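Chains as they are written, first to last, in the working numbering: chain A, 24 to 467; chain B, 24 to 467; chain C, 24 to 467; chain D, 24 to 467. The structure appears right after this line, and notes come after that.
Number of protein chains: 4
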Amino acid sequence: MLRNATGLRSYNPALTVVNSAADKPPAEDLSSHYLRVRQATTALSAGLSAEDCALQSMPDASPLKWHLAHTSWFFETFVLEQAVAAYKHFHPQYRVLFNSYYVGVGERHPRAERGLISRPGMEDILRYREHVDLWMQRILHGLETLPQNLRDLIELGLHHEQQHQELMLTDLKHLLSRNPLKPAYHAAQPASSAAPSTLLQWIAFPAGLHELGHDGSGFAFDNELPCHRVFLEKYALASRPVSNGDYCAFIEDGGYTRPDLWLSEGWDALQAQRWCAPLYWEKCAGEWQVFTLGGMRKVEPAAPVCHVSYFEADAYARWAGARLPSEAEWETAATHANTEDNFVENGALRPLPARAGGAQAPQQLFGDVWEWTSSAYAPYPGYRTAPGAVGEYNGKFMVNQYVLRGGSFATPRSHIRASYRNFFPAAARWQFSGIRLARDAIHA
Amino acid sequence: MLRNATGLRSYNPALTVVNSAADKPPAEDLSSHYLRVRQATTALSAGLSAEDCALQSMPDASPLKWHLAHTSWFFETFVLEQAVAAYKHFHPQYRVLFNSYYVGVGERHPRAERGLISRPGMEDILRYREHVDLWMQRILHGLETLPQNLRDLIELGLHHEQQHQELMLTDLKHLLSRNPLKPAYHAAQPASSAAPSTLLQWIAFPAGLHELGHDGSGFAFDNELPCHRVFLEKYALASRPVSNGDYCAFIEDGGYTRPDLWLSEGWDALQAQRWCAPLYWEKCAGEWQVFTLGGMRKVEPAAPVCHVSYFEADAYARWAGARLPSEAEWETAATHANTEDNFVENGALRPLPARAGGAQAPQQLFGDVWEWTSSAYAPYPGYRTAPGAVGEYNGKFMVNQYVLRGGSFATPRSHIRASYRNFFPAAARWQFSGIRLARDAIHA
Amino acid sequence: MLRNATGLRSYNPALTVVNSAADKPPAEDLSSHYLRVRQATTALSAGLSAEDCALQSMPDASPLKWHLAHTSWFFETFVLEQAVAAYKHFHPQYRVLFNSYYVGVGERHPRAERGLISRPGMEDILRYREHVDLWMQRILHGLETLPQNLRDLIELGLHHEQQHQELMLTDLKHLLSRNPLKPAYHAAQPASSAAPSTLLQWIAFPAGLHELGHDGSGFAFDNELPCHRVFLEKYALASRPVSNGDYCAFIEDGGYTRPDLWLSEGWDALQAQRWCAPLYWEKCAGEWQVFTLGGMRKVEPAAPVCHVSYFEADAYARWAGARLPSEAEWETAATHANTEDNFVENGALRPLPARAGGAQAPQQLFGDVWEWTSSAYAPYPGYRTAPGAVGEYNGKFMVNQYVLRGGSFATPRSHIRASYRNFFPAAARWQFSGIRLARDAIHA
Amino acid sequence: MLRNATGLRSYNPALTVVNSAADKPPAEDLSSHYLRVRQATTALSAGLSAEDCALQSMPDASPLKWHLAHTSWFFETFVLEQAVAAYKHFHPQYRVLFNSYYVGVGERHPRAERGLISRPGMEDILRYREHVDLWMQRILHGLETLPQNLRDLIELGLHHEQQHQELMLTDLKHLLSRNPLKPAYHAAQPASSAAPSTLLQWIAFPAGLHELGHDGSGFAFDNELPCHRVFLEKYALASRPVSNGDYCAFIEDGGYTRPDLWLSEGWDALQAQRWCAPLYWEKCAGEWQVFTLGGMRKVEPAAPVCHVSYFEADAYARWAGARLPSEAEWETAATHANTEDNFVENGALRPLPARAGGAQAPQQLFGDVWEWTSSAYAPYPGYRTAPGAVGEYNGKFMVNQYVLRGGSFATPRSHIRASYRNFFPAAARWQFSGIRLARDAIHA
């Protein structure tokens, strides 16, 4: 989004970065921001072995090593190749090897075979990162002369990299969970008390015409644009996410054995995959335990339930006499909500119980767990993709997926905002996904 | 939807039938309406062999015989079992054999195995229909004493049966198409002229708050309710559906070979299933031919394209610099549109070229081909299902499907209306589905 | 196999028919034999509906209608097309539609889609049979002038047709079994007494060099040729097939729950397909029942167990401290055995308990149930296939299959002989397959 | 095989090790033999990265790390657990993690998930090996007091380990081949000359009764026992394996496009997997290249063709007017053949062209490539498995596999012998498998 001569915002789909002159960060900021984000990525692999970083646990998940390479590939392909005539590729075949899904860039190594690549090894990948960083620093030091569209692509690359930071933890957790030794990624904090969850209350919102989408202050992905009007009937939102304790009641009430609670396709998935609890839960000696990045631990009743599919979220809501919020309802409620919450910088690496806070406003909208909405992932009215390969970033996935909002304990705090749209297929469970209930206002 | 004492509409989700006192048909009408609909169903099988009616061509499609039985099962299960203490089942095992997907009714014969049942044969099924009709006549003759909810269920059953009338033609066409002899269901009319399609024009619609959903006059399915407000930005709709001629230009321009035109999942489907044209199209000696209910025939340039998936509709729209309409946009345009069009009563059994008519309003919104919308099939705000098994009719399918509007050449005329929502998965191609383009008003 | 001028047998692989001048049937015999075999085929469909004959229950099984057509196609393709210049095809597309697997003949309709063909209907197929029979009669009436190779092909066609007679019953049984109404093909005889099976005894055979394969008197398939020498160590064969009662003891002893009894691939099949008894067995109120061509009936303890896979036969043998016989052991024992047994002409259409008879020789080697041997289906030393498409009859299937011997209750009596080799994959259960035990002579 | 009191050999199936007093190695030999074999295994991983050793390229192949651990597990489970009361397991869960397929031992980690285990890492596995070696040394130093059955199990464990040495190279090659960078395992020798292959000649063998199976001198696996008599008609064997040059002629003659040359199941495999050359062959600029353990290189015309399935071997033989030898024919020819050939100690790590040598006897029967025989893998008459879990070693795989003979360039020289039976499914191509032709003597 660029200002035109008259100062009016005009939506330029070629640029997913929205910067008014006022909020444009100074040149030195982008350079140091670049370093901070890049280092945070590499830091996630500290303490891991070469094997930990090389294995792929399923086609949906990628090896850590691949994430480290692909995020560098992004800068190489969309910035260095464009901006630096003299740029020397670290390796001629990485262009294919670490292309995720950009058909416009050319051939791609098959997604399901990312775990068949023992070489380049972890050491090569780290050198590849250094190589790209070196070249990027040269550009960033001459930032003033950089055309705006390249600056925007650099900013896009950093937000892209932050998305992969969360995915690294998501995919690593899945990999470690497939190991019968149940190894831990980090030394987990002691369990919080077994206190039950706080009372769930309903916060009412009036009917009316709302603006949905990003307002133009700071960065946004193209799928948050353009800002547009949506009419909402009055509704109510739960004061906190559904907790493990709440969810246990659903399980104990036969939630996983009653087809009337489920969407037909969800019931099929449940039967085919034998779901009887959220992903990573195991019943040990009559007690629910859960695999976390800190290893196996007891399920904490007051913490938000995590690793549920859209189907489970929907079935739980039906059982509870409620429903999932639409993304417009969620965003309207979140626009002025508190974002000081449990993000990756917090170090807990798991969802935490609700903190103190009145029920005047929904709590924990941000952080802890991504919240499934009832909204199919679709383009906003007037949505346009950027020309060229970078236009494949979001648009081509807008079918058969559902929107999640608010970020999780694994999201970098600076990455999330009210208009942010995450999206996954309805059966996905390996993401840090939880449940926020909503209901029609007539109940409120 | 029933009027309450004060005359205000109140949404009763238990009843999907909407009848005000004024428009309630007299008792004799329901009885004769019943006979007319039931006979229309059986008439579709006239001229077919027992084998034609017994085979199942794929899990998504059912044998004609099964449709004939299942529609009778519907009255037996939801009306006769409830209303007539003395009712004698025609056969004790039909309750399981012809239950489609109503978990609340009990066990169901697996969908994919409907084609493994040689007995009951076609003759048995016709006697089963007579048995049910006989008992239903007894009830309908004493109609005045019938509780309203049973009358509503009878009406639901008739609309249900009309849905299956169209499905019988859909499924039969698919079965016959799998036969290398390419047999015809009926003697087709001579091809219309090879005239090109009329000029496609754009009809503009203003921004504003619209009512979406059924207004309460006459019958509606629960998924059309409740009526609710939606805000639409201004938009434009194409004056006619996309024609075969239009679509050929897309094919010739490499539409099926350019991934940039496709949703990612659509491109995967194209590759996996080797799509290179709509379903039923075959290139014979350099010329496109198409399998119809009247056998193989030349593709008519001016007739609406049919048997395209959502993915193809979406790719075509992108190629054409347009998009698919949302269902709210479609319904707003259709509310006052002409419904005198090409339905099953017409006997053509294929989509026909656009008829004369100015471009003041979109033509052929009804009949000819179902029109894919960009809207994921989802509950309207405030949607509630009926209690009991009949509540499974629509609600449990509201995920990973897309809404189609307007009916086709195989739809009974009395079955369709502006608020009617049909829905199929994005990859489905065996339905009579076509394309209506829309675009943002800024282009208009 | 043809005698040459010197009277010595010389193996001519081009001809699978073995006729010495002495045993060649007179011309009129072949003509009436033709009629008898063809009528027997059609007679199997008497009392069946068009639907019964049209459905395909799985890719391995074919519709009855298809068998009726394919056996006619065989004469049309391998005899009439060759022999009669003026021959007029009944329908030009049947050549593809009813070609089973003869690549040399040209295109074939896919096997798994034989059940998608509603037209031609049963009536058309019966007229097709009449058409072929009419032309064949013309040839057969001028039999004297017929070259020997055509006479041989006619004889091959009749034995081919007899194979399909058995397959018609096999496939029909499978189809009817998939129907929850469990319809019967014929009115079954009353159950025989629940008497236990007769004592199983061991018949010893000495070591030595034996001739294996067909000796040249009368017809044989190419896979029974050439006759060759095999050395056998001494061994013993069970006096009768394993009975249902025997097999129940295996089940009750945990036969289906002990991996140590099974081949590794068999155990995988058991788990994947959830085998816990022979195919068609069902436990009803604590009692084993079995689906037969006469409907559901109690399992008869003294009758041979039927519908077991090679894996089950092998596991049973291991459990019983025995093994399966090799085909050489079986054939050596069978060469002089009694063939007056329970074949299709008997009308029982199920395996019958052992009849009176001393234990001097193995009983029931012929008829009742096909007996799995331990021998992989392989070419005999010196085996050669006929040139041309008819050479595909047997040879190309000689991998990953196991030999069965002796025929079943569904085999025409005139079709079977000691050297006859049937073959199926180790997991096949829908054939009429049972178990004959053998053991090393050291145990005898 | 143990001597009994009378000095006669008596077949003890519990012991797969055959040692007469005369050829029994002295105690110190077993100890040093142990060290030599174990070190050879570890040496194969020298120069590989942790990632190279951790990845699994397909369910049939295992990570190198897994082979290193499993071979240790074998000694731990079958020797140390039995023999040493004080034995301390290195890790309690390795018993499950590194059990390959021994149901009798207990649970097993799923084969297809061996590549999901990042921990234990390569370093842990090497320490595991040292742990087992330390305990084994204690036993081996007190060898005189060791019961014979434990000594036999140790010897079995060493032969087991040698099998895995070859599999490590087989599986590693497959893994590296899936990497688009085509990395090399070792620095390959320069290509031998492009000389064509030597003339293929036929060596005749007379008919007669032969002994098949191991004669009792030295070690043998149970599947080589017992020695038994087989009658062979006269036959001829090719003087050398089929060469790449020979095989190219087959390809150029349309070998992969002519169904008449193929077994039906082989043709299906060819089509499903799109075979058009041996595994690892790629056509680059009109020239066949092949991936080897030394990276991509030109196909050498005179070297034996490698990485063909049974189906390809069989099709090639049919095309060449020959057939594959039975294992009895092969073994008869090999009993007195030269075994000084191209084994793993040679270091070439690929099949080499035929060496000088007259055509009096077949050359290269041993080493270079495993040779497919026409024999289904089956128990020899009188075969018995050992009691207990170790009895699962061979017996339970005797179905739907075909026997290969003679070892390859990756086999340790001391591991192979004339009676040695290797076995793989007919579609397997990642083994070092080639073709030896045979034919009936009438052609000779």
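Virtual Cβ for every residue (Gly too), placed ideally from N, Cα, C. In this text, all values refer to a predicted model and were calculated from it rather than measured experimentally.
Let me know if residue i comes out buried or exposed under the rule of 16 or more other beta-carbons within 10 Å of its beta-carbon.
| i | result |
| --- | --- |
| L235/D | buried |
| C76/B | buried |
| L469/C | Residue 469/C lies beyond the residue range present for chain C, which begins at 24 and ends at 467; the question has no answer from this structure. |
| A69/C | exposed |
| A295/C | exposed |
| T280/C | exposed |
| S15/B | With chain B covering only 24 through 467, there is no way to say anything about residue 15/B. |
| P324/C | buried |
| P410/C | exposed |
Going by alpha carbons, who is nearest to residue i out of the options?
| i | options | result |
| --- | --- | --- |
| P133/B | L149/B, S85/B, H112/B | S85/B |
| W395/A | R378/A, W353/A, D364/A, P115/A | W353/A |
| A135/A | N423/A, Y124/A, M145/A, A211/A | Y124/A |
| E275/B | G309/B, L302/B, F242/B, E247/B | G309/B |
| A358/B | A412/B, W290/B, S240/B | Reading off the sequence, residue 358/B comes out as Thr, not Ala. Nearest C-alpha to T358/B: S240/B. |
| E305/C | Y151/C, S456/C, C271/C | C271/C |
| P402/B | P376/B, R444/B, G180/B | R444/B |
| D147/D | L176/D, L169/D, F113/D | F113/D |
| N246/D | A450/D, L427/D, D364/D, F432/D | L427/D |
Under 6 Å Cβ to Cβ from residue i, same chain only, skipping five residues before and after it: list those, please.
| i | result |
| --- | --- |
| Q185/A | P435, H438 |
| T29/A | Because the pLDDT of T29/A is 32, which lies under 50, any placement of that residue in the model is unreliable, and the number read from its coordinates should be weighed accordingly. If we look at T29/A and ignore the five residues flanking it on each side, it has no Cβ neighbours. |
| P229/B | K257 |
| F366/B | G390, T434, R436 |
| V322/C | N267, W311, V313 |
Between residue i and the rest of its own chain, which residues show a CB-CB distance below 7 Å, the 5 nearest in sequence each way excluded?
| i | result |
| --- | --- |
| A45/A | The predicted position of A45/A is uncertain, since its pLDDT is 39 and thus under 50; no value can be drawn from it. |
| Q468/D | No information on residue 468/D is available, as it lies outside the stretch 24 to 467 that chain D covers here. |
| R346/D | A340, S397, A461, R462 |
For residue i, which residues of its own chain have a beta-carbon under 8 Å away from its beta-carbon, when the five flanking residues on both sides are left out?
| i | result |
| --- | --- |
| H197/A | S80, M81, A84, W453 |
| V119/A | G129, E130, R131, H132 |
| C187/B | As written in the sequence, residue 187/B is His, which differs from the Cys given in the question. Contacts found: T64, H90, H93, T94. |
| H164/C | S54 |
| V107/C | W158, R161, I162 |
Could you give the C-beta distance for residue i and residue j, rounded to a whole number, given that I count them as a contact under 8 Å?
| i | j | result |
| --- | --- | --- |
| L58/B | M191/B | Not quite, the Cβ-Cβ distance comes to about 18 Å (not below 8 Å), so this is no contact. |
| A399/A | Y416/A | With 8 Å as the limit, A399/A and Y416/A do not qualify as a contact, their Cβ atoms being about 19 Å apart. |
Tell me whether the segment 337 to 347 of chain D and the segment 281 to 297 of chain D touch, counting them as touching only if at least three CB pairs, one residue from each stretch, are closer than 8 Å. Yes: the two stretches touch, three or more of their Cβ pairs being nearer than 8 Å.
Using a Cβ distance threshold of 8 Å, determine whether the segment 254 to 262 of chain D contacts the segment 251 to 271 of chain C, with at least three qualifying pairs required. yes
Should the segment 317 to 326 of chain A be regarded as contacting the segment 204 to 215 of chain A, the criterion being three or more beta carbon pairs within less than 8 Å? yes
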